[in-house]
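Written out below as structure tokens is the structure these notes cover.
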Amino acid sequence: MGFEIKYTNTPSITKSMQISLEDLKLDQINVIFPGDISFKLSEKIQAIGLSSLIQNDTKAVTI
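Under my numbering, the first residue of the sequence shown is numbered 17, with each subsequent residue one higher.
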């Protein structure tokens with residue numbers, strides 16, 4: 017599992033994420049951003065709002 021921290025309110029998939037998934041053979045990348053909601057960017061990349069993470073929402077980060 018990989019993590020990436022973004023400052024933007026609208027995270028998107030980057031080339032570095034795609035390379036990390038392939039080179040490191042990651043099952044998932046969680047992108048933490050300063051938002052209130054969590055959503056999937058792709059099958060293996062999930063955007064997680066910081067508010068969800070701070071509130072210890074067990075659904076926010078899936079392991």
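No residue lacks a Cβ here, since even glycine has one placed at the ideal position from N, Cα and C.
Item	Value
Cβ shell of residue 27 (< 6 Å), same chain only, five flanking positions each side left out	47, 49, 63
DSSP state of residue 38 mapped onto helix, strand, coil	helix
Between the CA atoms of residue 35 and residue 24 - distance to the nearest angstrom	21 Å
Residue 38 versus residue 71: straight-line alpha-carbon distance, rounded	31 Å
Test item: CB-CB of residue 42 and residue 65 under 7 Å	no
Exposed unless 16 or more other CB atoms sit within 10 angstroms - verdict on residue 53	exposed
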